[in-house]
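Below: one structure, written as structure tokens.
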Amino acid sequence: MQTLLAEISENVILGKRAVVEAKVREALEAGLDPQTILNEALIAPMSIVGARFECGEFYVPEMLIAARAMQAGLAVLKPHLSKGGVQMRGKVVIGTVKGDLHDIGKNLVAMMLEGAGFEIIDLGTDVPPEKFASVARESGANLVGMSALLTTTMKNMKSVIEALEDVGVRQKVKVMIGGAPVTEAFAKEIGADGYAPDASRAVALAKSFG
Ligand code: B1M
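Residue numbering for the sequence shown follows this note's numbering, beginning at 1 and increasing consecutively.
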């Protein structure tokens, strides 16, 4: 079992999309827990990819093909992670903030929230503050979720909160933030209602808002 997880992880790093898809299927058929496959074989190798990028061993194309391989594995896993048919809990407007194109973590959070019964309006990546605000107002959302992976873009989360204030919906929505450089302290500093370090804690936080 450990070998299979290691093989998936290695092929994510190598960006071998078809192999990752096939091995994730094999792991599911072998009865491995989908959450274990996700954490150990799909999320963990992305940290290795990031470390290799940081030390100059990988460049953007390698990072991109690894991300695509990871997402292909995630697509196979999705039906096993988010079981449908749950009672709707609330409406979430979610997106990656302006200037930021990273969407794997945001997609994972959206997928897990959907599985927990939240209705999701996914605005995608590089989302301007005004877009978050207008969709939150028009859709009557209860929760706005923002993701940022860059230290240069996380400051745009504050602009989204200001935009929500500008259109008069800040008191009607809870604001949840996340992404690798984001912290609890940063959430407090910008006036968000909560921070989650990963997708499962994002679901717990969203549920706690009631
Ligand atoms: Co980029 N990248 N990248 N990248 N990339 C990082 C983030 C980096 C840390 C790599 C490194 O240097 N070690 C670094 C940022 C440095 C910094 O700002 N401090 C970096 C850089 C520099 C860049 C570029 C600037 C590179 C360049 O062009 N020179 C560029 C920026 C482009 C842009 O956005 N404008 C860039 C581009 C890319 C790709 C396009 C090639 C690709 C993204 C593909 C895609 O997303 N479709 C990419 C990737 C893949 C990464 C790494 C390797 C992996 C990110 C990832 O998907 N992780 C990343 C290194 C790393 O993070 N270790 C890196 C897996 C994912 C499941 O985790 O996104 O953290 P994560 O999400 C988690 C939690 O954070 C949390 O839950 C998720 C699930 O558990 N979470 C939330 C996330 N959002 C949440 C929202 C919530 C709650 C929880 O509530 C709403």
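We put the beta carbon where it would ideally sit given N, CA and C, even for glycine.
Closer than 7 Å: residue i CB and nearest ligand 1 heavy atom
{"i": "Pro197", "result": "yes"}
{"i": "Met157", "result": "no"}
{"i": "Phe132", "result": "no"}
{"i": "Lys106", "result": "yes"}
{"i": "Ile177", "result": "yes"}
{"i": "Phe53", "result": "yes"}
{"i": "Ala116", "result": "no"}
Beta-carbon gap between residue i and residue j smaller than 8 Å
{"i": "Val182", "j": "Gly145", "result": "no"}
{"i": "Ala206", "j": "Leu81", "result": "no"}
{"i": "Gly99", "j": "Asp126", "result": "yes"}
{"i": "Val20", "j": "Gly95", "result": "no"}
{"i": "Ile65", "j": "Gly15", "result": "yes"}
{"i": "Leu143", "j": "Val135", "result": "no"}
{"i": "Ala116", "j": "Asp166", "result": "no"}
{"i": "Ala44", "j": "Ile37", "result": "no"}
{"i": "Lys174", "j": "Asp198", "result": "no"}
{"i": "Gly179", "j": "Met154", "result": "yes"}
{"i": "Phe118", "j": "Arg137", "result": "no"}
Local conformation of residue i per DSSP, three classes
{"i": "Asp122", "result": "strand"}
{"i": "Met154", "result": "coil"}
{"i": "Gly73", "result": "helix"}
{"i": "Gly15", "result": "coil"}
{"i": "Phe53", "result": "helix"}
{"i": "Val175", "result": "strand"}
{"i": "Leu32", "result": "coil"}
Alpha-carbon to alpha-carbon, residue j and residue i
{"i": "Ala202", "j": "Tyr59", "result": "30 Å"}
{"i": "Glu29", "j": "Leu149", "result": "33 Å"}
{"i": "Met46", "j": "Val12", "result": "8 Å"}
{"i": "Gly191", "j": "Asn156", "result": "13 Å"}
{"i": "Val109", "j": "Glu10", "result": "24 Å"}
{"i": "Met176", "j": "Lys131", "result": "16 Å"}
{"i": "Thr3", "j": "Phe53", "result": "25 Å"}
{"i": "Asp33", "j": "Gly168", "result": "44 Å"}
{"i": "Gly210", "j": "Ile121", "result": "18 Å"}
{"i": "Ala41", "j": "Pro128", "result": "33 Å"}
{"i": "Ile147", "j": "Ile161", "result": "In the sequence as presented, Ile is not what sits at residue 147; that position holds Ser. For Ser147 and Ile161, the distance between alpha carbons rounds to 13 Å."}
{"i": "Glu7", "j": "Lys158", "result": "41 Å"}
{"i": "Asp103", "j": "Ala67", "result": "10 Å"}
{"i": "Thr152", "j": "Leu101", "result": "12 Å"}
{"i": "Gly85", "j": "Gln71", "result": "Confidence at Gly85 is low in this model, with a pLDDT of 46, below 50, so the placement of that residue should be treated as unreliable; the coordinate-derived value is given next. Approximately 24 Å between the Cα atoms of the pair."}
{"i": "Gly50", "j": "Gly31", "result": "30 Å"}
{"i": "Ala185", "j": "Met111", "result": "26 Å"}
{"i": "Ala18", "j": "Cys55", "result": "27 Å"}
| request: Could you name each continuous alpha helix (DSSP H) segment of 4 residues or more that falls completely within the segment 87-143, going from the start of the chain to the end? | output: Complete alpha helix (DSSP H) runs here, min 4: 104-115, 129-139.
| request: Let me know the alpha helix (DSSP H) ranges lying completely inside the segment 183-207, each 4 residues or longer, listed in chain order. | output: Counting only runs of at least 4 residues, the segment 183-207 fully encloses the following alpha helix (DSSP H) elements, listed from N- to C-terminal order: 184-190.
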